[in-house]
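Down below is the structure, laid out as structure tokens.
In the UniProt record's numbering, the protein residues as written are 1 to 142.
Spelled out as structure tokens, the structure:
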């Protein structure tokens, strides 16, 4: 594989990781806000699955920006900006995914400051961004 070639197996594997996390997160959120907030195991699972989904999205992003566009992002959130600049994803999606990458950093580095209600809100409103991301990545690779 030449240095500019995108590895379709890597991308497919990371998309699968995102989809598996989304399925689990959907199952968690379907229990409702009160059940979620009362169950530390659900909260911990949600945090882990959010980190996993964001990490997989970042891995796809870094792979495409490095291989196809020969660019190295300065941060996780910057990677999505590069994808927008190169016409892979919309500006709105790049901004939302950049916010999710910053939130991932908070989950990893200052997790004790994260409000569990905010986690539930993300589960019920922001996960659609991952579906949009997958669609835009697949469209780009076709």
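Note that beta-carbon positions come from the ideal geometry of N, C-alpha and C, so glycine has one too.
As the structure is a computational prediction, the values presented were derived from the model and not from experiment.
State buried or exposed for residue i, treating a residue as buried only when at least 16 other CB atoms are found within 10 Å of its CB.
i: residue 129; result: buried
i: residue 100; result: buried
i: residue 53; result: buried
i: residue 18; result: buried
i: residue 49; result: buried
i: residue 102; result: exposed
Rounded to the nearest angstrom, what separates residue i and residue j at their Cα positions?
i: residue 35; j: residue 42; result: 9 Å
i: residue 141; j: residue 10; result: 13 Å
i: residue 90; j: residue 138; result: 14 Å
i: residue 16; j: residue 59; result: 12 Å
i: residue 71; j: residue 119; result: 32 Å
i: residue 116; j: residue 127; result: 16 Å
i: residue 114; j: residue 13; result: 29 Å
i: residue 51; j: residue 121; result: 15 Å
i: residue 4; j: residue 73; result: 17 Å
i: residue 131; j: residue 92; result: 14 Å
i: residue 123; j: residue 109; result: 20 Å
i: residue 45; j: residue 33; result: 15 Å
i: residue 6; j: residue 88; result: 14 Å
Just tell me which of the options has its CA closest to the CA of residue i.
i: residue 94; options: 47, 122, 49, 57; result: 57
i: residue 55; options: 92, 112, 45, 21; result: 21
i: residue 86; options: 110, 7, 136, 30; result: 136
i: residue 104; options: 39, 8, 75, 6; result: 75
Below 8 Å on the Cβ atoms is my guess for residue i versus residue j; work out the distance and round it to an integer in Å.
i: residue 107; j: residue 133; result: At roughly 18 Å, the Cβ-Cβ gap does not stay under 8 Å, so residue 107 and residue 133 are not in contact.
i: residue 83; j: residue 61; result: 6 Å
i: residue 111; j: residue 31; result: Not confirmed; about 21 Å, so no contact.
| query | Any chance the region 64-71 sits against the region 19-26, with 3 or more Cβ pairs inside 8 Å? | reply | no
| How do the region 75-92 and the region 49-65 stand: do at least 3 beta-carbon pairs fall below 8 Å, yes or no? | yes
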